[in-house]
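Every letter in the sequence shown is one number past the one before it in numbering that gives the first Met the number 0, and letter 85, counting from 1, is 84. Where a beta carbon is used, it is the ideal one built from N, C-alpha and C, also for glycine. Model, not experiment: these values are computed from the prediction. These notes concern the structure reproduced below.
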Amino acid sequence: MLAQYLDINPEVKAALDAGRPVVALESTIISHGMPYPQNVETALKVEQIIRDNGAIPATIAILNGRLKVGMTHDEIEYLGKAGQAVIKTSRRDIPFIVAQKADGATTVASTMILADMAGIKVFATGGIGGVHRGAQETFDISADLQELANTEVAVVCAGAKSILDIGLTLEYLETQGVAVVGYQTEKVPAFYTRESDFNVDYRLDDPKQIADAMAAKWQMGLKGGVVVTNPIPEQHALDKAMIDQVIKNAVVEMEEKGISGKASTPFLLAKVAEKTEGCSLAANIALVFNNAKLASQIACEFYQ
Numbered sequence: 000m001l002a003q004y005l006d007i008n009p010e011v012k013a014a015l016d017a018g019r020p021v022v023a024l025e026s027t028i029i030s031h032g033m034p035y036p037q038n039v040e041t042a043l044k045v046e047q048i049i050r051d052n053g054a055i056p057a058t059i060a061i062l063n064g065r066l067k068v069g070m071t072h073d074e075i076e077y078l079g080k081a082g083q084a085v086i087k088t089s090r091r092d093i094p095f096i097v098a099q100k101a102d103g104a105t106t107v108a109s110t111m112i113l114a115d116m117a118g119i120k121v122f123a124t125g126g127i128g129g130v131h132r133g134a135q136e137t138f139d140i141s142a143d144l145q146e147l148a149n150t151e152v153a154v155v156c157a158g159a160k161s162i163l164d165i166g167l168t169l170e171y172l173e174t175q176g177v178a179v180v181g182y183q184t185e186k187v188p189a190f191y192t193r194e195s196d197f198n199v200d201y202r203l204d205d206p207k208q209i210a211d212a213m214a215a216k217w218q219m220g221l222k223g224g225v226v227v228t229n230p231i232p233e234q235h236a237l238d239k240a241m242i243d244q245v246i247k248n249a250v251v252e253m254e255e256k257g258i259s260g261k262a263s264t265p266f267l268l269a270k271v272a273e274k275t276e277g278c279s280l281a282a283n284i285a286l287v288f289n290n291a292k293l294a295s296q297i298a299c300e301f302y303q
């Protein structure tokens, strides 16, 4: 039944069939994360970094109602040009995008779902969604967290996006039994900055240690994913005090404008990029490159 909806790129399928490492990539970062043509250039560069580190990239999206696991350069170009006209797609949206034969850019949650359908176990992204600031009143909690509780994919990221409440995000993950691993760090990174005020569950200093923990988890039948946090490279990190103030001001503006739900993250990221005069976008690109490299190393160890 799944085959009538799912298109796995031939190169990706050949790698999976042969037990070779594959790394999944989301597509919201292409459509909603940055302007054209920078979005396409970044997406293709991320794919090349994965290849350079011994794995096969599988950028994921929904195009004309088809679940695409592994996109061609032309498909990435199309998605990049379409930009925010493409529907930002999480778990709840998938059947409607498919039934309407529409285009959808996958979030962390939906990328995990499609990667799992294809049998891909490692996924590189920028930052995961989480519990939004003020969630005590709004109950605004990303579907990414529930997906991490249920879907067997390791997500390599630079932590939760700085616009979120990192402490509450970690509490939610703990309740759901999702481990937060720090790669060569004991502090949870905060996306644009290398450290937050919170500790990871486990510090692991080698990709093989991470791959071994993933294998043990799933071989024992313990469902759910793993969050692998990878700090942004030091030379690209932003000043913590400055970024915290920018985000605080952006959250106030968002609330005044009544923006919520799936529109909140793109608004806040765009506002941060504006106020930092593009520095946050450069940092975002650098951390995605860094995560792609680590994800490839973990995938190579996992598929050995």
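Exercise. Chain D beta carbons: is any one of them nearer than 7 angstroms to that of Phe122?
Worked result: Note that chain D does not occur in the displayed structure, where there is just one protein chain.
Problem set entry | Status (buried if at least 16 other CB within 10 Å, exposed otherwise) for Lys67 | buried
Exercise. Considering Ala282, what are the terminal residues of the alpha helix (DSSP H) in which it resides?
Worked result: Cys278 to Phe301
Exercise. In whole angstroms, what separates the C-alpha of Leu172 from that of Leu144?
Worked result: Leu172 and Leu144 have their C-alpha atoms spaced approximately 7 angstroms apart.
Problem set entry | Three-state secondary structure (DSSP) of Ile258 | coil
Exercise. Curious, which full-length beta strand (DSSP E) runs of at least 3 residues does the stretch 224-255 contain?
Worked result: For the stretch 224-255, whole beta strand (DSSP E) runs of length 3 or above, ordered along the chain, are 225-228.
Exercise. Rounded to whole angstroms, how far is the Cβ of Leu15 from the Cβ of Val155, which I believe are closer than 8 angstroms?
Worked result: At roughly 19 angstroms, the Cβ-Cβ gap does not stay under 8 angstroms, so Leu15 and Val155 are not in contact.
For this session: Keeping to the same chain, check which residues put their C-beta closer than 6 angstroms to that of Ala291; ignore five residues upstream and five downstream.
Result: Val45, Ile48, Ile49 and Ala123
Exercise. Helix, strand or coil: which one does DSSP assign to Lys222?
Worked result: Three-state DSSP puts Lys222 in coil, outside helix and strand.
Problem set entry | According to DSSP, residues forming a beta bridge with Tyr4 | Per DSSP, Tyr4 has no beta bridge partner at all.
Problem set entry | 8 angstroms Cβ shell around Pro20 - same chain, five flanking residues per side excluded | The beta carbon of Pro20 lies closer than 8 angstroms to those of Ala14, Gly53, Ala54, Ile55, Val121, Ser295, Ala298, Cys299, Phe301 and Tyr302 in the same chain, with the five residues before and after it left out.
For this session: May I have the straight-line CA-CA distance separating Leu62 from Ala101, to the nearest angstrom?
Result: Here the C-alpha atom of Leu62 lies approximately 6 angstroms from the C-alpha atom of Ala101.
Problem set entry | Proximity of Ala42 and Ile75 at Cβ, strictly below 7 angstroms | yes
Exercise. Is the Cβ-Cβ distance between Val287 and Gly128 less than 7 angstroms?
Worked result: no
Exercise. Which one of Gly32, Met33, His31 and Lys12 has the shortest CA to CA distance from Ala23?
Worked result: Lys12
Exercise. In terms of residues, what are the limits of the beta strand (DSSP E) holding Ile86?
Worked result: Ile86 to Thr88
For this session: For Arg193, name the three-state secondary structure that DSSP assigns.
Result: coil
Problem set entry | Three-pair Cβ contact test at 8 angstroms for the stretch 250-265 versus the stretch 1-9 | no
Exercise. Ends of the beta strand (DSSP E) at Val187?
Worked result: From DSSP, Val187 is part of no beta strand (DSSP E); its letter is neither H nor E.
Exercise. Pick from Gln234, Phe266, Leu237 and His235: whose alpha carbon is nearest that of Asn248?
Worked result: Among Gln234, Phe266, Leu237 and His235, the Cα nearest to that of Asn248 is on Phe266.
For this session: Identify, in the order they occur along the chain, each residue of the same chain with its Cβ nearer than 7 angstroms to the Cβ of Leu1, setting aside the five sequence neighbours on each side.
Result: Met116
Exercise. From what residue to what residue does the beta strand (DSSP E) around Ile312 run?
Worked result: For residue 312 there is no data in the structure shown, the boundaries of the chain being 0 and 303.
Exercise. Below 7 angstroms between beta carbons: does that hold for Ala159 and Thr150?
Worked result: no
Problem set entry | Proximity to Asp205 [Cα-Cα], best of Asn198, Ala215 and Tyr182 | Tyr182
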